[in-house]
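Colleague: Under our numbering, read the sequence shown as residues 9 to 148, first letter to last.
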Amino acid sequence: MYNARVKNYQKEALKTRVAGADRYEIIQMLMSGAIEKMVLAKVAIDKKHLEAKSEHLSKASAILEALRGCLDFEVGGEVTENLYSLYSYMIDRLIDASIQNDTSIVDEVSGLLKEIKSAWDAIPVDIRNQTFAENSAHAS
Numbered sequence: 009m010y011n012a013r014v015k016n017y018q019k020e021a022l023k024t025r026v027a028g029a030d031r032y033e034i035i036q037m038l039m040s041g042a043i044e045k046m047v048l049a050k051v052a053i054d055k056k057h058l059e060a061k062s063e064h065l066s067k068a069s070a071i072l073e074a075l076r077g078c079l080d081f082e083v084g085g086e087v088t089e090n091l092y093s094l095y096s097y098m099i100d101r102l103i104d105a106s107i108q109n110d111t112s113i114v115d116e117v118s119g120l121l122k123e124i125k126s127a128w129d130a131i132p133v134d135i136r137n138q139t140f141a142e143n144s145a146h147a148s
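#1: The alpha helix (DSSP H) that contains H64, what's its start and end?
#2: Straight-line CA distance for E44 to E116?
#3: Let me make sure I understand the geometry here. Which of D134, D80, A70 has the alpha-carbon closest to that of I103?
#4: Could you give the DSSP three-state label for K55: helix, strand or coil?
#5: Just to confirm my understanding: we take L94, look at its own chain, exclude 5 residues before and 5 after, and list those with CB closer than 7 Å. What are they?
#6: May I ask you to report which of helix, strand or coil DSSP gives I43?
#7: Since L48 and H64 should fall inside the 8 Å C-beta cutoff, what is the C-beta to C-beta distance between them, to a whole number of angstroms?
#8: Using the Cβ count rule (16 or more neighbours within 10 Å means buried), how would you classify S96?
#9: Is A60 near M46, with beta carbons less than 7 Å apart?
#10: Using the beta-carbon count (16 or more within 10 Å), is K50 buried or exposed?
#11: Helix, strand or coil, according to DSSP, for N137 in the structure here?
#12: Among residues of its own chain, excluding the 5 on either side of V114, which ones have a beta-carbon nearer than 8 Å to its beta-carbon?
Next up, the structure:
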């Protein structure tokens, strides 16, 4: 009963955070969520909880697919192509981790995503706002 209440509270808190977030913050949340799911998958692998492992790796993969789907090839050029390839590689490696029950593969993917997130987090707010304004103007 307690766990259900906590999960419900967490779900509502996330909805509130997403509702007030800009695109950059949503990407940050997605990356953090994928990293969290990989941590939980590692714990599940270590404890031999195969159902939980599959659930967490599946959610991490789905988040990576969503991040890959957000890429804008018209704006990003070569960087976007490289990120697309890297996200695809990470998804493939999570499949390998699931099949092999290998936490070192999960660590590899988590490390790659942490590097991407670190670079994303370092983008100054004024650049974020400028990029958002430019992209909004192109969409009009």
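Every residue, glycine too, gets a C-beta built ideally from N, C-alpha and C.
Modeller: This is what the structure gives:
#1: H64 -> alpha helix (DSSP H) spans 58 to 77.
#2: Approximately 14 Å, taken between the alpha carbons.
#3: For the options D134, D80, A70, the alpha carbon positioned closest to that of I103 is the one of A70.
#4: In the structure shown, K55 adopts coil according to DSSP, grouped into three states.
#5: Cβ within range, chain order: L120.
#6: If DSSP states are grouped into helix, strand and coil, I43 belongs with the helices.
#7: Indeed they touch by this definition, with Cβ atoms about 4 Å apart.
#8: Classification for S96: exposed.
#9: Going by C-beta atoms, A60 is not nearer than 7 Å to M46.
#10: The residue is buried, with at least 16 neighbouring Cβ atoms inside 10 Å.
#11: In the structure shown, N137 sits in a helix (DSSP, three-state: H, G or I).
#12: Excluding positions up to five away in sequence, the list reads M46, A49, K50, I53, L65, L102, A105.
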